[in-house]
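Counting along the sequence shown from 1, when you hit position 37 you're at 36 in numbering that gives the first Met the number 0, and nothing is skipped either side. Built from N, CA and C at the ideal position, the CB exists for glycine as well. A short worksheet on the structure shown next.
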Amino acid sequence: MLQVADLTVRYGELLAVDEVDLSLQRDETLALLGRSGSGKTTVLRAIAGLVPIVSGTITLDGIDLGPIPPHQRGIGLVFQDFALFPHLDVGDNVGYGLRMQGAADADGRVEEALAMVGLEGLQRRRTDQLSGGQAQRVALARTLAPRPRLLLLDEPLGSLDPALRRTLAEELKALLDRTGVPAIIVTHDTEEAFALGDRVTVLVEGRAAATGPPAQIWNEPRTAEVARIVGHVGIMTATVADGIAVVDGFQVPISAPDGTATLLIRPGAATIGGPIAATVISSRYRGPDWVATVALGDGSIEVSSPEPVSGGEPIDIGIDPTGVTTLA
Ligand code: ADP
Ligand code: MG
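In structure tokens:
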């Protein structure tokens, strides 16, 4: 229902978004994942019509949004800090935009939006008497009240502490599924992107470097940059000859031309005990086991160990070849 093609945005000389393609199906949540400064907010601002675009097209339900001003695009935006009005109660916060527009049946739509987020009966509550989670839901209700066709959420959990973030991510996912409004959620947190997105688009320096379901992005990140952003560790250079990649004492068949290739060894693929003689760099406790970081080629891999091992110790490891993939 949303199609973004070839989107390019500049701030003066700075190329903030570089020929990005995105699409969103009905009832789908897309997570936009990337480091700070990768252009995530700018993509949302462009879709909302809040920043001029250099080139590209944005269509919503088959209509080109280019000539349509922001307030007529039918898009709801939720920002990181929620920005609820402290002097207004919950109901007036949710109804603020509707009443400004002189919408018919504002009261009914406020009730409807509060019911959607499970806050019926809290209309007259002061916003400074809300928990973090409730405040987030009020912000969402305020955005849902005008019945947007598309929701854009910019780091909606960004200002909350980590424990609350995890609970609220689950709550938000359930809520978005329930409202059925398609949404794009921006985050720099991989776990959050994977929890919230039916699909994930990874932005690297303004470019869409990968798009796919979370498991696909995790298992086949395609480029080293995407692998690092989603939290992979085991990335290293191999020498390839006759379809065999070699890194130190590890050999694995791959389909790549002779020369060098970048390998990703996924977590869990390496285990203690095996034919590869390697050296421990360090180890740390991550219940219920220790995690040893082991040097391999110009990179390292993590190996689960039942006991602590010290930096500099020799270690014999095995690597399951099915846990290895090549990166561009
Ligand atoms: P993200 O949301 O992923 O952190 P942004 O979209 O905010 O990234 O920013 C992308 C790039 O554009 C960054 O280099 C940022 O410094 C720059 N930028 C963002 N907003 C402006 C602006 N209003 N004027 C100039 N540069 C900007
Ligand atoms: Mg941002």
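Selection from Pro-305, Phe-84, Val-203 that minimises the alpha carbon distance to Arg-34: Val-203
Glu-154 CB to nearest heavy atom of ligand 2 below 8 Å: yes
Buried/exposed call for Met-115, threshold 16 Cβ in 10 Å: buried
Thr-126 - DSSP class collapsed to helix/strand/coil: It is helical.
Residues sharing a beta bridge with Gly-75, DSSP: Leu-150
Three-way DSSP call (helix, strand, coil) for Arg-206 in this model: strand
Proximity test, Cβ basis, 9 Å: Ile-280 and chain D: The chain inventory of the structure shown lacks chain D, comprising one protein chain alone.
Where Ile-62 falls, given that 16 or more other Cβ within 10 Å makes a residue buried: exposed
Residue interval of the beta strand (DSSP E) (run including Ala-269): 269 to 285
beta-carbon Ala-15 near ligand 1 non-hydrogen atom, thresh 8 Å: yes
Outcome for Pro-305 when other beta-carbon atoms lying within 10 angstroms are tallied against a minimum of 16: exposed
Delimiting residues of the beta strand (DSSP E) encompassing Thr-259: 258 to 264
Thr-41 CB to nearest heavy atom of ligand 1 below 8 Å: yes
Backbone CA spacing between Ile-53 and Thr-7 [nearest angstrom]: Reading off the sequence shown, one finds Val at residue 53, where the question assumed Ile. Computed Cα separation, rounded: 5 Å.
Distance between Ala-45 and Thr-58 (C-alpha atoms, nearest Å): 12 Å
Simplified DSSP state of Gly-38, which is helix, strand or coil: If DSSP states are grouped into helix, strand and coil, Gly-38 belongs with coil.
Beta-carbon contacts of Gly-100 that lie in its chain and below 8 Å, excluding the five residues immediately before and after: The sequence given here has Gln at residue 100, not Gly. Cβ within range, chain order: Pro-145.
Beta-carbon contacts of Ala-30 that lie in its chain and below 7 Å, excluding the five residues immediately before and after: Ile-184, Thr-186, Ala-192, Leu-195, Gly-196, Val-199
Any non-hydrogen atom of ligand 2 closer than 8 Å to Ser-35 Cβ: Yes - ligand 2 has a heavy atom lying nearer than 8 Å to the Cβ of Ser-35.
Range covered by the alpha helix (DSSP H) that runs through Leu-175: 161 to 178
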